[in-house]
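In this note's numbering, the protein residues as written are 113 to 296.
Following this line, the structure appears as structure tokens:
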């Protein structure tokens, strides 16, 4: 029987999100033919040793993006870590990709939210609804982060997956149209 990881979901295309997989989930993950796994969290590579060994046996590249859980009310997510993750997500050679945190709620929710809002052109309300479906609370500072996040890297369009390139082109057209309407 194939068992997906906790909070597993398709984000878009061949981009998936989840909580931390356990051995019971490996057979399911193998069906995705993953090329890359990005872990956003605070577990050490030593704690993930067996998991990373499994990934290597499958030929899956694994990336650890160290980011503490934002538990305090005035703590914010780390924009550098989110930017680094997005840099991997905008490169077609990394796909299919699984991004996960420990429970697949807040850290992955922020990354998925930034990706959807900033790159795919989702509305804030749709982005928040999707975030809340997984997070179930602790959302205010994460919402502010998603809305105000500014990536600190340059997109190379020839490296971007086709489905994302199309979304970016449509957003650019829409943005130009909005500017034109505002100028008139």
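Here a beta-carbon is modelled for each residue, glycine too, at the ideal position from N, C-alpha and C.
Given that a residue counts as buried once 16 or more other Cβ atoms are within 10 Å of its Cβ, and exposed if not, what is residue 236? exposed
Assign residue 143 to buried or exposed, taking buried as 16 or more other Cβ atoms, counted over all protein chains shown, within 10 Å of its Cβ. exposed
Starting from residue 174 and walking both ways along the beta strand (DSSP E), at which residues does that stretch end? Run containing residue 174: 173-178, per the beta strand (DSSP E) assignment.
Short of 7 Å in beta carbon distance, which residues of its chain neighbour residue 289, apart from the five on each side in sequence? Order them along the chain. Bear in mind that a pLDDT of 46 at residue 289, under 50, signals an unreliable position, so the number given afterwards is only what the model happens to contain. Here the set comprises nothing.
N-terminal and C-terminal residue of the alpha helix (DSSP H) that residue 256 is part of: 252-260
So the beta strand (DSSP E) residue 130 belongs to, where does it begin and stop? 127-130
Is residue 181 helix, strand or coil by DSSP? coil
Would you say the segment 267-281 touches the segment 199-208, given that touching needs at least three Cβ pairs under 8 Å? yes
Starting from residue 209, follow its DSSP beta bridges and name the residues at the other end. 127, 148
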